[in-house]
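Number of protein chains: 2
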Amino acid sequence: MEKRQKRIAVDMDGVLADVFEQFLDWDEREHGSRQLRENLMGQKELEVFRNARTYLYTEKFFRSLKVMQDSQEVLKRIHDHYDLYIVSAATEFPQSLPEKQEWLLEHFPFISWEKIVFCGSKQIIDADIMIDDHFKNLDHFNGELTLLYSQPHNALADPGRHRRVETWREIESILFP
Amino acid sequence: MEKRQKRIAVDMDGVLADVFEQFLDWDEREHGSRQLRENLMGQKELEVFRNARTYLYTEKFFRSLKVMQDSQEVLKRIHDHYDLYIVSAATEFPQSLPEKQEWLLEHFPFISWEKIVFCGSKQIIDADIMIDDHFKNLDHFNGELTLLYSQPHNALADPGRHRRVETWREIESILFP
Chain Y
1 MEKRQKRIAV
11 DMDGVLADVF
21 EQFLDWDERE
31 HGSRQLRENL
41 MGQKELEVFR
51 NARTYLYTEK
61 FFRSLKVMQD
71 SQEVLKRIHD
81 HYDLYIVSAA
91 TEFPQSLPEK
101 QEWLLEHFPF
111 ISWEKIVFCG
121 SKQIIDADIM
131 IDDHFKNLDH
141 FNGELTLLYS
151 QPHNALADPG
161 RHRRVETWRE
171 IESILFP
Chain B
1001 MEKRQKRIAV
1011 DMDGVLADVF
1021 EQFLDWDERE
1031 HGSRQLRENL
1041 MGQKELEVFR
1051 NARTYLYTEK
1061 FFRSLKVMQD
1071 SQEVLKRIHD
1081 HYDLYIVSAA
1091 TEFPQSLPEK
1101 QEWLLEHFPF
1111 ISWEKIVFCG
1121 SKQIIDADIM
1131 IDDHFKNLDH
1141 FNGELTLLYS
1151 QPHNALADPG
1161 RHRRVETWRE
1171 IESILFP
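In order, the protein sequences belong to chains Y and B. With my numbering applied, the first sequence covers 1 to 177. With my numbering applied, the second sequence covers 1001 to 1177.
This is the structure:
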């Protein structure tokens, strides 16, 4: 009998999609100078970038995000060996929903629509492993393993019971030991 | 200590939103005569309505669905006493996503974005109670109670371990005994 595959829920923003880099770019474009990533550690993006909230509601913000380094290759490997779902807290920005799905189709074409979840609270998500950059999502999760994807906003926090990961190669080494 | 509220996952199409009536209307508009509901029991909508699949991808199809009788009043009562989520298998039709969220905001304004889930497979949903009109969603559910909302496509099927309900008033009497 085949062993049941472990189910893994992978976040989009700040994990697969580089939202922080987009904020740096759009903030620079609007204000003329670029903020330095190393000065922003431990700070909330919505406080650091003056018009961040406006950007989040702007057409093409989500559609044009850069892909995190190595995420395509590693996620394909995960897709082939785990029960992989993409779980994005996206209903706060309804206009982003088709953009996010198009973005996934372009950069991760092996993800079928059945395995995409756009939600608000992730408390309703049932999986074994969760990869996310926000404590509010990881803290409620009941699965066996929670990976905190490092982003400037969480860089100074104690990961607590979660395991901090810095890169997709590190995720790969944990999931394929 | 307050008792944890039971979590309930409520489907949209065929449960809150009258997709079948919309199919009857659009099919009549296109072909000149109206099919009779009583002739279509036990048949799949995509086989009964010749262009159903096209309709599902047409702008405004989901936005203009009628609301099921009594669902607004009963869902408000559920919202006040349960941990209520709306869970719709919608990622098959990406263009429907903002339409569905607008529709919810219009007809069920007490549902916040945090409690909306647009997904594909519902196997990832963790709740105590599920209300749905499709066996494929109910059969995988691990919660304590599954209500099969009667629709023509499921009308002739044995509900099995699920409990068949015909109206929102019947749902109300089960959830508020």
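We put the CB at the ideal spot given by N, CA and C, even for glycine.
Item: Start and end residues, beta strand (DSSP E) containing Asp70 of chain Y; Value: It is not in any beta strand (DSSP E) - Asp70 of chain Y carries neither H nor E in the DSSP assignment.
Item: Beta strand (DSSP E) runs wholly inside the region 140-171 of chain Y, at least 3 long, in chain order; Value: 145-149, 163-165
Item: 7 Å Cβ shell around His1153 of chain B - same chain, five flanking residues per side excluded; Value: Gln1043, Lys1044, Glu1045
Item: CB of Leu84 of chain Y within 8 Å of CB of Val165 of chain Y, strictly; Value: no
Item: Distance cut-off 7 Å: Tyr149 of chain Y Cβ against heavy atoms of the ligand HEM; Value: This structure does not include the ligand HEM; it has no bound ligands of any sort.
Item: Within 8 Å, strictly: CB atoms of Gln1123 of chain B and His1134 of chain B; Value: no
Item: Proximity of Ile1078 of chain B and Lys1115 of chain B at Cβ, strictly below 8 Å; Value: no
Item: C-alpha gap between Gly1014 of chain B and Pro1094 of chain B, whole angstroms; Value: 18 Å
Item: Any chain Y beta carbon closer than 8 Å to Asp1061 of chain B; Value: What sits at residue 1061 of chain B in the sequence shown is Phe, not Asp. No, Phe1061 of chain B lies away from the interface with chain Y (no Cβ there is under 8 Å from its Cβ).
Item: Chain-ordered residues of the region 1003-1028 of chain B with a beta carbon less than 8 Å from chain Y; Value: Arg1007, Ala1009
Item: The region 144-152 of chain Y / the region 1057-1064 of chain B touching (three or more Cβ pairs under 8 Å); Value: no
Item: is_contact[Ile1124 of chain B, chain Y] using C-beta, thresh 8 Å; Value: yes
Item: Cutoff 7 Å; reference Asp25 of chain Y; Cβ partners in own chain excluding five residues on either side; Value: none
Item: Three-pair Cβ contact test at 8 Å for the region 66-80 of chain Y versus the region 95-108 of chain Y; Value: yes
Item: Inter-residue CB distance, Ser112 of chain Y and Met12 of chain Y (contact presumed, cutoff 8 Å); Value: Actually they do not touch by this definition, with Cβ atoms about 16 Å apart.
Item: According to DSSP, residues forming a beta bridge with Tyr82 of chain Y; Value: Answer is none; Tyr82 of chain Y lacks a bridge partner.
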